[in-house]
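The structure appears below as structure tokens.
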Amino acid sequence: MADEQATEEEPSIEEILDSIRQIISDDDEGAEEAPAEEAAPEPEPKPEPEDEGAIDLTEKLDEPAPEPEPAPEPEIEPEPEPEPEPEPEPEPEDSADPPIEVDMADIDNDDSILTDAAQNAAYDGFSELAKKTAVEHNGITLEEIVRTELNPLLKEWLDKHLPKIIDRLVKEELARISKRAESDLEDF
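So for the sequence shown, our numbering puts the first residue at 29; every next one is plus one.
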């Protein structure tokens, strides 16, 4: 029964999120109004002629009224970021399927920071890049593709460096064998 009372007193998640959204929107409106207020300085009040019957509000009271304690600010939970849209996988040019046409007007752009023109240009650029870098090796593993691409490079490197490596290793082995032969002769 204590759990039921606790849940009735606590606000729901929707209520908390609504209050957070309200605070954020109030802050945004206040931030937009603040620069306008700073741009126009306040005119200084004109001194009014003193009335003898008027009350002077600048005099301090004997006991200042206690200021109410400010309410603690609720912790603002950051809203989860929307998941990025997955990039379309490039289709091989030899594919029998026609490329998928995406109508950019169908995409919900409420939270987008790009204009429609910029978004279309970016999409077109990525589509062009995908066409140029399309992999034409259907059914071949990545390892096979890498081997095919690296074979000419490896052959060139071996042609250039292998004779030097072999000469150095042969000299080292001959030196080791000759030292062993000399030490064997000294032992006799």
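Glycine included, each C-beta is placed from N, C-alpha and C at the ideal position.
If you follow the alpha helix (DSSP H) that residue i is in, where does it begin and where does it stop?
i, result
"residue 38", "Note, residue 38: premise wrong, no alpha helix (DSSP H); not H, not E."
"residue 206", "170–215"
If residue i sits next to residue j, beta carbons under 8 Å apart, how far is it from one beta carbon to the other, in whole angstroms?
i, j, result
"residue 140", "residue 147", "7 Å"
Grab me the residues of residue i's own chain with a C-beta within less than 6 Å of its C-beta, minus the 5 sequence neighbours each way, in chain order.
i, result
"residue 124", "Bear in mind that a pLDDT of 47 at residue 124, under 50, signals an unreliable position, so the model cannot answer this."
If I measure Cβ to Cβ from residue i and keep anything under 8 Å in the same chain, skipping five residues before and after, which residues do I get?
i, result
"residue 149", "none"
"residue 142", "150"
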